[in-house]
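Participant: Pasting a structure below so you can have a look.
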Amino acid sequence: FAAMRAMSTRNDDPATASRPWDRDRDGFVLGEGAGVMVLEELDHARARGAKIYAEHAGYGMSADAGHMTAPNIDGPRRAMRNAKPNAGV
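If you count the sequence shown from 1, position 32 lands on 403 in my numbering, and the numbers rise without skipping.
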């Protein structure tokens, strides 16, 4: 990202460094994050009295590695189309 000159040059001023929708933005700031999703068999969750928020009914896979900053919608579209029959929808 640095070689592409996509990084903000205002790292010394955090209030102006990361402003993605600002007219005067000059790049972005790398960040890190994490998330966890725990899956459990439906019968097991019911047996232990768990609060069930959702049911995973199907999945679809695809990939989109065409362009780093201008992704193509065809990859996610294919994944959704593949997931529907797998889920019985």
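For every residue, glycine included, the Cβ atom is placed at its ideal position computed from N, Cα and C.
Please tell me whether Gly420 and Asn453 are closer than 8 angstroms, where the distance is taken between their beta carbons.
Facilitator: Indexing the sequence shown from 1 puts residue 420 at position 49. Indexing the sequence shown from 1 puts residue 453 at position 82. No, they are not a contact pair.
Participant: Where DSSP assigns a beta bridge to Met408, which residues make up the other side?
Facilitator: One-based indexing of the sequence shown puts residue 408 at position 37. According to DSSP, Met408 bridges with nothing at all.
Participant: Please report the residue range of the alpha helix (DSSP H) in which Ala386 lies.
Facilitator: One-based indexing of the sequence shown puts residue 386 at position 15. That run of the alpha helix (DSSP H) goes Pro385 to Ala388.
Participant: Thinking C-beta only, is Ala434 closer than 8 angstroms to Gly446?
Facilitator: The residue given as residue 446 occupies position 75 in the sequence shown. The residue given as residue 434 occupies position 63 in the sequence shown. In this structure, Ala434 lies closer than 8 angstroms to Gly446 by Cβ.
Participant: Within a Cβ cutoff of 8 angstroms, which residues of the same chain sit near Arg449, ignoring the five residues on either side of it in sequence?
Facilitator: Your numbering for residue 449 matches position 78 in the sequence shown. The residues are Gly431 and Ser433.
Participant: Starting from the C-beta of Gly429, find all residues in its chain whose C-beta is less than 6 angstroms away, skip the five residues before and the five after it, and write them out in chain order.
Facilitator: To locate residue 429, count along the sequence shown from 1; it is residue 58. Cβ neighbours of Gly429 beyond the five flanking positions: Ala454, Asn457 and Ala458.
Participant: Looking only at its own chain, which residues have a Cβ that is under 8 angstroms from the Cβ of Val400, when we skip the five neighbours before and after it?
Facilitator: As a working note, residue 400 is residue 29 in the sequence shown. The residues are Met378, Ser379, Asn382, Ala388 and Ser389.
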